[in-house]
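Asks:
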């Protein structure tokens, strides 16, 4: 290896440091120091302490929810007499899902059979004056059946082929299952953060089953008990239970997991909150919550008949979301690096001020910018060959890196 | 405090600025300016204007969906006679969930009773030539019951203990509920972005219920009406309704929320799109969508019998996703800082070119790199004690910071 | 345009480069080079190669899941005799949802009618010694009905108005549907990454349906077959099937999609894993999984009676999550820029060491910091007007930018 290249390689390990011009201009000096301070405060205080900018976060939470209701209600409606409602009846679907509906009010239309009968006069499209208003074979919009082409004058509605008699009675003005207020729901939520392979359940790790048997959730006294009273859920969501129970509604049960995995996993606990998901506009179609289902029977002759239920009730949506954070090198360096880069910007601004907004600007410029005048450059070029020492790097130029 | 330290502290407020060597080499000058320009354009144009890089975004959307179908159909199949289908029958499950199935075609097998009968010859594992082909007590793979060990020659299938007669009729070649094309579905979607505590519903804030009563979604004319015709949904998803209705399929209804929370919340509106989620391979098991359910009855003698339904239909998956963005300091500074940092990289490259790829390189190097020669350094060291003025910082060294 | 401004604009294209002081102090030189190396390794090795820091990622995955079970079981319980269970019976709900429950054990209470009977003595709140223990009209907590105010001495429980007789038999000690171990489930999962508009299905793109007809998932031999044996699912989740089948439990089927969209889409394949979502604490209420449902019948006289089922079984939660990454300019530049910014930090530290922790520190400082002494500055100011050449920029000051 040539002597020159050797000396070049050695030169790689010379330490180079920028040359600075120090001005006694303390106004700008202070300005710059303040700026440095601000950046420092931002990085340490805001990014790292407040926003945990050193953590990589995971928002894609995996969640599995199981719900179980308890309680029994006795209803006594004029048409249909006494009825006992247990979980198996008032929870729809009954299999403990994340979104479940609790019947609080209903209209029962027993013993419907396929046949011909007048459409309910509550259905606009069903009303008629003459037969021609009821086009044969056409189904009644938002109605119960298919028009037969006959207009039944005394009702003022079309005759239809449908399950007869059609549902016609009115919604009870007070909830038949008012007792639902005291039903309890047990919510089991199991979550997992795949990125960190961290999983946890909302059921406290308590061994005595008695705790779960007796506790009820209360944001103050017992914020980790996973058993809730429906009445309170509705109240906490800002609704009046009786009102909602009458025409139905939707309540959201939010379970939030804010997990700082740099701390002990026992600090990672669920936060429950409750919100009403149904529009509060009384006049809108959107308000209320109801749907229909039917139970089918066969009489001894094998004919099918059914009981139609229009159920009003409260739907509970359990919405789980969460975020886990854990120290990560990359976010740390990104936060740090981008902060430092700002220092440069500050220096640039201060330079501008110093060089172009102070009287002595031009003087400072002279000192800061050392202008190579072309004569020297020329002279240099001519004399090069005679002074090889200078160009000692030349053979290694392409290799050299600063 | 010592005079020296004092003067040191004052020195903290001197402003220091890098010293530059200015070369008249305008090629590189222009190159560098262009680079600066490029970076500037990137930061302002690309990051901030196009990609809203100044926003912190939230992708974990909380969503609650409620669906309600309307429409009634009359079916008239040879075996089972007339039947009226209402929401309570053709929507499964009936309770207005986010994922719902609409029956469009079905095979009914009425009056099944527990007993012994030949397996359907459509089941490969059920076929047999001699009794030994039907191992007693073994269940028929993908079949309907448990083999009794007898082979019923005339059918060429094993005798099984099952609900008899086994389902055997063929899928109707055209959908029995073709009328489903005109059913309408009302979709109510309530979303929330927990990070920004922003929530909204897809139902326009209109007071006259009449609007919702009469409108139908249309991407052009009425893109915010939450009521859809099933036939159109299937068409928009790129399928032929009659084909899909016959053997079943899955349609995805995507609701996308792109919310710029720096703007007014009224700009945050849902975007509906429709896609087919079922494989288009006719020959694969994956194609089509069907399942079975049974209605159970008891005859006067208390014996159980049932009607088995194999239903084909269209499953609608409502998939909600969205993203909300709002101005945030950290992302802004990260975008800014990392951009600025690049300027440094550019300067470095230009230096390389200037110093090692121009003839005058070595000359520029001389000027850029002021080499301290060791003799001076030595002399300096010797003479130190005699010139205390220089080392006036020494007592505060550890404190000093640049 | 004035001659001065012109010359100023030209000056914009002079290339300016920092002036460096080169010290032969190779200790710090090496230190700095090592630091540069470290940063380089971090950026290239860690950020780009290992963590694909150049990709923008999408975690909000859209997913649609369809499940279909196959298999048939014969149960033979003393009370209720023989029964054949098909998919339509043991899968709840039957319509192929993402979360489904498979009945593996059950208690049947046939022929319940509304009436009066003693509460089960398994319910604590139902026990009594005298009538006053049974407050009339109050419902039994976690019980089956409404107290009538009578205490039935011989049972030691309150008389209640309920569906009689109340469920009382014990849970079978071994699963009645042990055959469920051999049931198979076909899972179809369709995913989409909205940001990249990329979608895929977990069903291999194979044309011969025979493949799907015959394959079974096996992490080793056949990791992409979407058909699973329930028994194995439970085993892989780390549970004993018979135990879980007896009292019920929950199994999570995780489908993970890790898609590098810079590669060909065929590399984007699902990863199945299985975990138990039910608490392993035997004594806790949380353990096990069961719920009730009822089938309603009417006798010839029109009276309603029902069969109540308390079903134990295994709930399967299919949890889909995934992440897609694709090259993006912004993340690349952020990763790059913030890395480069760190180089500055290193230089700063090395400076500190050089200037304040070496004997020659003060000497280096002298060379690095060129202190402008105020006399010159003063002289300069006085003489300014006499040397217009210097202040040639003055007319364009505000325009000038470095």
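Residue numbers (the numbering used here), protein chains in the order written: chain E, 3 to 404; chain A, 3 to 404; chain Z, 3 to 404. Where is the CB? At the ideal position from N, CA and C, for every residue including glycine. All figures in this text were calculated on a predicted structure; none of them were measured in a lab.
1. Which of the three DSSP states is assigned to residue 353/E in this structure?
2. Does any residue of chain E bring its CB to less than 8 Å from the CB of residue 18/Z?
3. To which residues does DSSP link residue 78/E through a beta bridge?
4. Over the uninterrupted alpha helix (DSSP H) stretch that includes residue 236/A, give me the two end residues.
5. Can you name the residues that DSSP bridges to residue 314/E?
6. Helix, strand or coil for residue 4/E per DSSP?
7. Is residue 64/Z close to chain A? Criterion is C-beta to C-beta, closer than 8 Å.
8. What is the C-beta distance between residue 1/E and residue 230/E, in whole angstroms, given that I count them as a contact (C-beta under 8 Å)?
9. Is the CB-CB distance between residue 89/Z and residue 76/Z below 8 Å?
10. Interface residues of chain E around residue 352/Z at Cβ under 8 Å?
11. Counting only C-beta atoms, is residue 94/Z closer than 8 Å to chain B at any point?
12. What's the call for residue 161/E, buried or exposed, on a 16-neighbour Cβ count within 10 Å?
13. Along the chain, where does the alpha helix (DSSP H) that runs through residue 42/Z open and close?
14. Assess contact between the region 313-332 of chain Z and the region 4-19 of chain Z, defined as three or more Cβ pairs (one per stretch) separated by less than 8 Å. Is contact present?
15. Can you tell me whether residue 326/A is helix, strand or coil according to DSSP?
16. I'd like the list of long-range same chain contacts for residue 96/Z, defined as Cβ closer than 8 Å, with 5 residues on each side in sequence excluded.
17. Compare the C-beta of residue 263/A against all C-beta atoms of chain Z and say whether one is closer than 8 Å.
18. State whether the region 291-305 of chain E contacts the region 238-245 of chain E, with contact taken as three or more CB pairs (one from each stretch) at a distance under 8 Å.
19. Starting from residue 181/E, trace the alpha helix (DSSP H) both ways and give me its first and last residue.
20. For residue 223/A, which residues in the same chain have their Cβ closer than 6 Å to its Cβ, ignoring the five residues on either side in sequence?
21. Counting along the chain, where does the alpha helix (DSSP H) carrying residue 224/A start and finish?
22. Since I believe residue 195/A is in contact with residue 63/A (beta carbons under 8 Å), could you give me their beta-carbon distance rounded to a whole number of angstroms?
23. State buried or exposed for residue 9/A, treating a residue as buried only when at least 16 other CB atoms are found within 10 Å of its CB.
24. Between residue 26/E and chain Z, is there a C-beta pair that is closer than 8 Å?
25. Going by DSSP, what residue range makes up the beta strand (DSSP E) through residue 303/A?
26. Taking only three categories from DSSP, how would you classify residue 58/E?
27. Skipping 5 residues on each side, what residues in its chain have a beta carbon closer than 6 Å to that of residue 122/A?
28. Go to residue 269/E, then tell me how far its beta strand (DSSP E) extends in each direction, as first and last residue.
29. Which residues mark the beginning and the end of the alpha helix (DSSP H) in which residue 247/A is found?
30. For the putative contact between residue 440/E and residue 338/E, defined by C-beta atoms under 8 Å, what is the C-beta separation to the nearest angstrom?
31. Look up residue 200/E in the DSSP assignment and say whether it is helix, strand or coil.
32. Look at the Cβ atom of residue 94/Z, then the Cβ atom of residue 101/Z, and state whether they are nearer than 8 Å.
33. Report the rounded CA-to-CA distance for residue 285/Z versus residue 204/A, giving the unit in angstroms.
34. Determine whether the Cβ of residue 91/Z lies closer than 8 Å to any Cβ atom of chain A.
35. Ignore the nearest five residues each way along the sequence and tell me which others in residue 49/Z's own chain have a CB closer than 6 Å to its CB.
36. Rounded to whole angstroms, how far is the Cβ of residue 60/E from the Cβ of residue 198/E, which I believe are closer than 8 Å?
Replies: From the atom records:
1. For the purposes of this step, residue 353/E is taken as the residue at position 351 of the first chain. Per DSSP, reduced to three states, the secondary structure at residue 353/E is helical.
2. Indexing the third chain from 1 puts residue 18/Z at position 16. Cβ-Cβ to chain E under 8 Å: yes for residue 18/Z.
3. The residue given as residue 78/E occupies position 76 in the first chain. Beta-bridge analysis with DSSP links residue 78/E to 84/E.
4. Position 234 of the second chain, counting from 1, holds the residue named residue 236/A. Unbroken alpha helix (DSSP H) run through residue 236/A: 232-238.
5. Walking along the first chain from the start, residue 314/E turns up at place 312. According to DSSP, residue 314/E bridges with 107/E and 292/E.
6. In the first chain, residue 4/E corresponds to position 2, counting from 1. Correct three-state label for residue 4/E: coil.
7. Taking the first residue of the third chain as position 1, residue 64/Z is located at position 62. For residue 64/Z, the answer is yes, since a Cβ of chain A falls inside 8 Å of its Cβ.
8. The requested residue 1/E does not occur in the structure, where chain E is confined to residues 3 to 404.
9. Here residue 89/Z corresponds to residue number 87 of the third chain, with the count starting at 1. Here residue 76/Z corresponds to residue number 74 of the third chain, with the count starting at 1. No, the Cβ-Cβ distance between residue 89/Z and residue 76/Z is not below 8 Å.
10. On the third chain, residue 352/Z is found 350 positions in, with the first residue counted as 1. Within 8 Å Cβ-Cβ: 17 and 19.
11. Of the protein chains in the structure, E, A and Z, none is chain B.
12. On the first chain, position 159 is the one that residue 161/E refers to. That one is buried.
13. Along the third chain, read from residue 1 onward, the residue named residue 42/Z stands at position 40. Taken as a continuous stretch (DSSP letters only), the alpha helix (DSSP H) holding residue 42/Z covers 28-43.
14. no
15. Taking the second chain and counting its residues from 1, the one referred to as residue 326/A is at position 324. Residue 326/A sits in a strand when the DSSP states are folded into three classes.
16. Here residue 96/Z corresponds to residue number 94 of the third chain, with the count starting at 1. Taken in chain order, the residues that qualify are 89 and 90.
17. On the second chain, position 261 is the one that residue 263/A refers to. It does not: the Cβ of residue 263/A has no partner Cβ on chain Z nearer than 8 Å.
18. no
19. Start at 1 with the first residue of the first chain, and residue 181/E comes out as number 179. Note, residue 181/E: premise wrong, no alpha helix (DSSP H); not H, not E.
20. Walking along the second chain from the start, residue 223/A turns up at place 221. Closer than 6 Å at the Cβ level, and outside the excluded window around residue 223/A, lies no residue.
21. Translated into the one-based positions of the second chain, residue 224/A becomes position 222. First-last for residue 224/A: undefined, no H or E at that position.
22. The count along the second chain starts at 1 and reaches residue 63/A at position 61. The count along the second chain starts at 1 and reaches residue 195/A at position 193. So it is a contact: roughly 6 Å between Cβ atoms.
23. Here the question's residue 9/A lines up with position 7 in the second chain. Classification of residue 9/A: exposed, given that the 10 Å Cβ count is below 16.
24. For the purposes of this step, residue 26/E is taken as residue 24 along the first chain, with counting starting at 1. Yes, its Cβ sits closer than 8 Å to a Cβ of chain Z.
25. Here residue 303/A refers to the residue found at position 301 of the second chain. Counting along the chain, residue 303/A sits inside no beta strand (DSSP E), nor does DSSP assign it H or E at all.
26. Locating residue 58/E in the first chain gives position 56, counting from the first residue. Three-state DSSP puts residue 58/E in a strand.
27. Reading the second chain from its first residue, position 120 is the one you call residue 122/A. The answer, listed in chain order, is 168 and 170.
28. Indexing the first chain from 1 puts residue 269/E at position 267. Neither: residue 269/E is in no beta strand (DSSP E) and is coded neither H nor E.
29. For the purposes of this step, residue 247/A is taken as residue 245 along the second chain, with counting starting at 1. 243-249 is the span of the alpha helix (DSSP H), which, as asked, contains residue 247/A.
30. Because chain E is modelled from 3 through 404, residue 440/E falls outside the range shown and cannot be assessed.
31. Along the first chain, one-based indexing puts residue 200/E at 198. In the structure shown, residue 200/E sits in a strand (DSSP, three-state: E or B).
32. Along the third chain, one-based indexing puts residue 94/Z at 92. Along the third chain, one-based indexing puts residue 101/Z at 99. Cβ atoms of residue 94/Z and residue 101/Z: not closer than 8 Å.
33. Along the third chain, one-based indexing puts residue 285/Z at 283. Along the second chain, one-based indexing puts residue 204/A at 202. Note that residue 285/Z scores 41 on pLDDT, short of 50, meaning its location in the model is unreliable; the coordinates nonetheless yield the value given after this. For residue 285/Z and residue 204/A, the distance between alpha carbons rounds to 46 Å.
34. Here residue 91/Z corresponds to residue number 89 of the third chain, with the count starting at 1. Yes, because at least one Cβ of chain A sits closer than 8 Å to the Cβ of residue 91/Z.
35. Reading the third chain from its first residue, position 47 is the one you call residue 49/Z. Once the five neighbours on either side are set aside, the close Cβ partners of residue 49/Z are 55 and 337.
36. Taking the first residue of the first chain as position 1, residue 60/E is located at position 58. Taking the first residue of the first chain as position 1, residue 198/E is located at position 196. That pair is a contact at about 6 Å.
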